[in-house]
């Protein structure tokens with residue numbers, strides 16, 4: 001559990017001034033278990049994060065109408081719309097006559113977490129800036145294996161060497177470009193990239209539009 005105390009409005013206002021980002025999200029109220037589960041899962045799969053309930057997107061403090069109702073929705077989403085289930089930490093902060101609910105999601109040691117979507121399927125989400133983004137197969141595999149205590153043993157075949165040589169001359173590469181470069185299947189390329197990311201040789205960069213790799 002976090003030791004930081006948000007029980008005064010100065011700390012809360014400082015947090016609001018930081019603005020939404022990779023570890024902070026504002027919500028006026030919780031209306032959908034699916035949507036809030038997606039955000040909580042993306043925090044758990046990253047380095048943790050906080051939800052401020054009762055705050056508008058522009059940082060205006062509106063407060064919540066019913067703390068109990070918000071807690072119920074968040075707890076339901078954390079337990080039934082996230083897999084493995086999450087355990088949010090709640091704290092109420094009083095600002096004048098308004099109540100803001102601070103919800104902390106700690107970084108998980110059982111990654112990856114999946115969120116139940118509207119289509120009835122479970123998907124992994126990660127946090128990119130102030131958005132919760134669907135994780136690629138490579139990122140999911142990295143999350144699965146990053147919690148494994150065993151190291152990654154890499155045999156540098158011509159395929160690994162060709163990738164590193166390419167990244168010596170170019171800033172970045174995508175999975176598709178790597179497949180074309182060496183005329184190999186996407187599955188084989190993904191397996192190599194996962195191993196190289198886990199060993200710290202290359203880095204994966206995910207944006208809302210694309211995913212690419214650079215030398216570490």
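Numbering (full-length UniProt numbering), first residue to last: 1 to 216.
Ideal placement from N, C-alpha and C gives every residue a C-beta, glycine not left out.
Non-local beta-carbon contacts of residue 69 in its own chain, meaning distances under 6 Å to residues more than five positions away in sequence, are absent. In this model, residue 109 and residue 147 are separated by some 7 Å (Cα to Cα). As computed with DSSP, residue 43 is found in no beta bridge at all.
By the neighbour-count criterion, in which 16 or more other beta carbons inside 10 Å mark a residue as buried, residue 158 falls on the exposed side.
Counting along the chain, residue 25 sits inside the beta strand (DSSP E) bounded by residues 24-27. Nearest to residue 82 by alpha-carbon distance, out of 89, 117, 93 and 100, is 117. Checking the DSSP bridge columns, you'll see residue 50 partnered with 24 and 104. Taking the Cα positions, residue 28 is about 18 Å away from residue 78.
Taking every protein chain shown into account, the CB of residue 45 has 16 or more other CB atoms within 10 angstroms, so this residue is buried.
With fewer than 16 neighbouring CB atoms inside 10 Å of its own CB, residue 164 falls in the exposed class.
Assigned with DSSP and collapsed to three states, residue 10 falls in helix.
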